[in-house]
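Participant:
There are 2 protein chains.
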Amino acid sequence: MSHFKQTDHIESKELFPGFHARMIHTDGLTIVYFDIKAGSILPEHHHIHEQVTNVLEGTLELTVDGETFACTPGTVVTMPPHAPHSGRALTDCKVIDVFRPVREDYK
Amino acid sequence: MSHFKQTDHIESKELFPGFHARMIHTDGLTIVYFDIKAGSILPEHHHIHEQVTNVLEGTLELTVDGETFACTPGTVVTMPPHAPHSGRALTDCKVIDVFRPVREDYK
Chain E
25 MSHFKQTDHI
35 ESKELFPGFH
45 ARMIHTDGLT
55 IVYFDIKAGS
65 ILPEHHHIHE
75 QVTNVLEGTL
85 ELTVDGETFA
95 CTPGTVVTMP
105 PHAPHSGRAL
115 TDCKVIDVFR
125 PVREDYK
Chain R
25 MSHFKQTDHI
35 ESKELFPGFH
45 ARMIHTDGLT
55 IVYFDIKAGS
65 ILPEHHHIHE
75 QVTNVLEGTL
85 ELTVDGETFA
95 CTPGTVVTMP
105 PHAPHSGRAL
115 TDCKVIDVFR
125 PVREDYK
């Protein structure tokens, strides 16, 4: 299989209402390219996976372990395993999420 | 320590000539925001870390395990541990690299 993938060739899945995901799974990681519609809500949840959220476009308000921040391009959010987190998109957003280990539940 | 970091507050290090890196290390991952100058060369190398390269801006020609591709915004490059890789920036580029496990050598 090629080492090179084009995200615009990947089928999008709506993981939460308004959260459109294109995903790449490797042996140890899941990378998710999110297009998020303004006003969409991420309900509080947690998981065994470490997560790093990279905001590329827009403003995404996130709450992690009780700490809230309006994330803009250049914000990186580090979430340890099991950290409760929630959010809402204040505008349309583009985000790259990194999960370790693989999100088997997203396959 | 806060879960929220601003990449523009992170000091940049020149890891290879023309490859300016701002890094975030977690327990299990290193995330590198690269600003790469047009014409810069990445000499062939390999490492124990799995790597995923996300091209955000510009054109970055990469060769992985003998396969060459001119990566543009939306290209994702998956490199298993020990895969030899090299490259050159055909234009100025912005890239997010993900490494698993942590790049202790970059700390």
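Residue numbers (the numbering used here), protein chains in the order written: chain E, 25 to 131; chain R, 25 to 131.
All residues carry an ideal CB built from backbone N, CA and C; glycine is no exception.
Which residues in the same chain have their Cβ closer than 8 Å to the Cβ of His70 (chain R), if we skip the five residues on either side of it in sequence?
Facilitator: In the second sequence, counting from the first residue as 1, residue 70 (chain R) sits at position 46. So the list reads His106, Ala107, Pro108 and His109, once near-sequence residues are dropped.
Participant: Where Leu53 (chain R) and Phe28 (chain R) are concerned, what is the direct C-alpha to C-alpha distance, given to the nearest angstrom?
Facilitator: For the purposes of this step, residue 53 (chain R) is taken as residue 29 along the second sequence, with counting starting at 1. For the purposes of this step, residue 28 (chain R) is taken as residue 4 along the second sequence, with counting starting at 1. If you take the alpha carbons of Leu53 (chain R) and Phe28 (chain R), they lie about 16 Å apart.
Participant: Per DSSP, Lys37 (chain R) is paired with what?
Facilitator: Numbered from 1 along the second sequence, position 13 holds the residue referred to as residue 37 (chain R). Paired residue(s): R:Ala45.
Participant: How big is the Cα-Cα spacing for Ala113 (chain E) and Glu68 (chain E)?
Facilitator: As a first step, residue 113 (chain E) must be located in the first sequence, where it is residue number 89. As a first step, residue 68 (chain E) must be located in the first sequence, where it is residue number 44. If you take the alpha carbons of Ala113 (chain E) and Glu68 (chain E), they lie about 14 Å apart.
Participant: Comparing the CB of Gly82 (chain E) with every heavy atom of the ligand SAH, is any distance shorter than 6 Å?
Facilitator: The ligand SAH is not among the ligands present in this structure, which contains no ligands whatsoever.
Participant: State the DSSP-derived secondary structure class of Asp89 (chain E), mapped to helix, strand or coil.
Facilitator: Walking along the first sequence from the start, residue 89 (chain E) turns up at place 65. Reduced to three states, the DSSP call for Asp89 (chain E) is coil.
Participant: How many angstroms separate the CA atom of Leu80 (chain R) from the CA atom of Asp121 (chain R)?
Facilitator: Here the question's residue 80 (chain R) lines up with position 56 in the second sequence. Here the question's residue 121 (chain R) lines up with position 97 in the second sequence. In a straight line, the C-alpha of Leu80 (chain R) is about 11 Å away from that of Asp121 (chain R).
Participant: Contact criterion: CB-CB distance below 7 Å. Does Thr31 (chain R) meet it with respect to chain E?
Facilitator: Within the second sequence, the letter at position 7 stands for residue 31 (chain R). Yes, Thr31 (chain R) lies at the interface with chain E (some Cβ there is under 7 Å from its Cβ).
Participant: Name the chain E residues that come within less than 8 Å of Val88 (chain R), Cβ to Cβ?
Facilitator: As a first step, residue 88 (chain R) is located in the second sequence; it is residue number 64 there, counting from the start. Going along chain E in sequence order, the residues near Val88 (chain R) (Cβ under 8 Å) are His27 and Phe28.
Participant: Just checking: is the beta-carbon of Thr83 (chain R) within a distance shorter than 7 Å of some beta-carbon in chain E?
Facilitator: Taking the first residue of the second sequence as position 1, residue 83 (chain R) is located at position 59. Thr83 (chain R) does not count as touching chain E.
Participant: Could you give the residue range of the beta strand (DSSP E) that holds Glu81 (chain R)?
Facilitator: Taking the second sequence and counting its residues from 1, the one referred to as residue 81 (chain R) is at position 57. Start and end: Glu74 to Glu81.
Participant: Write down the C-beta distance between Ala45 (chain R) and Thr115 (chain R) rounded to the nearest angstrom, noting that I regard them as a contact closer than 8 Å.
Facilitator: For the purposes of this step, residue 45 (chain R) is identified with residue 21 of the second sequence, where counting begins at 1. For the purposes of this step, residue 115 (chain R) is identified with residue 91 of the second sequence, where counting begins at 1. Between Thr115 (chain R) and Ala45 (chain R) the Cβ distance is about 18 Å, and since that is not below 8 Å, they are no contact.
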